[in-house]
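The opening residue of the sequence shown carries number 1 in the numbering used here; numbering runs sequentially from there. Notes follow once the structure below has been shown.
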Amino acid sequence: MPLPPLTEASVRLGVPAATWRDAVRAAGDVLIAAGSVGVTYTQRMIDVIEEFGAYVVIAPGLALAHARPGEDVLADGLSLVTLAEPVSFGHAHNDPVSVVIGLAVTTADAHVTGIADLANAFNDPELVPALSAAATPSDAIALVLHSTSRGVS
């Protein structure tokens, strides 16, 4: 299953966040605004991190916020948020985080493949710093598309 589309409406740049929870809420707010999830999904993403730790920080500077499929997932969705200032998630090697991807999917299979696909797409060590510096949502989308089209994913 392909990843949900990343649109200009699903990208927010330079978002202020004092804590990792604020950063995850920002990614969740975008998913809510897109109609992909209900309001409880954001708290479930936070709960996952509180329960299992900062494993969502999958690369230097990058967190992939997500929760399992549930009734509050209305449609597959993807969000991308860059932070005005990086925040710590408590990861030993990949903190601080400057880019948060929010992922919501409706099926367990899509959950597993979506996480794997995103992890592969962000294997490019230049992508997170470039996204942090992106001036517009369309610039950020172009960077992600370029990274995946080069065979990184």
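Backbone N, C-alpha and C define an ideal beta-carbon position, used for all residues, glycine too. Just so we're clear, the structure is a prediction, and the values are computed from it rather than from any experiment.
Could you please give me the residues that DSSP links to T19 through a beta bridge? Partner(s): none; T19 has no beta bridge.
Here's the rule: buried if 16 or more other CB atoms are within 10 angstroms of the residue's CB, otherwise exposed. What is H93? exposed
For R12, which residues from the same chain have a beta carbon less than 7 Å from its beta carbon, with the 5 sequence-adjacent residues on both sides left out? A26, V30, V81
Please state whether the Cβ-Cβ distance between Y41 and A67 is less than 8 Å. yes
Can you tell me where the beta strand (DSSP E) holding V39 begins and where it ends? Careful: V39 lies outside any beta strand (DSSP E) and carries neither H nor E.
With the cut-off set at 8 Å, would you say V87 and A17 are in Cβ contact? yes
What are the boundary residues of the alpha helix (DSSP H) that includes H146? 137-147
Just the C-alpha distance for G53 and E8, rounded to the nearest angstrom, thanks. 30 Å
Report all residues from its chain with a CB closer than 6 Å to the CB of H91; omit the five preceding and five following residues, and keep chain order. A54, V57
Within 10 Å of its beta-carbon, does V105 have 16 or more other beta-carbons around it, so buried, or fewer, so exposed? buried
Rounded C-alpha distance that separates V37 from E126: 30 Å
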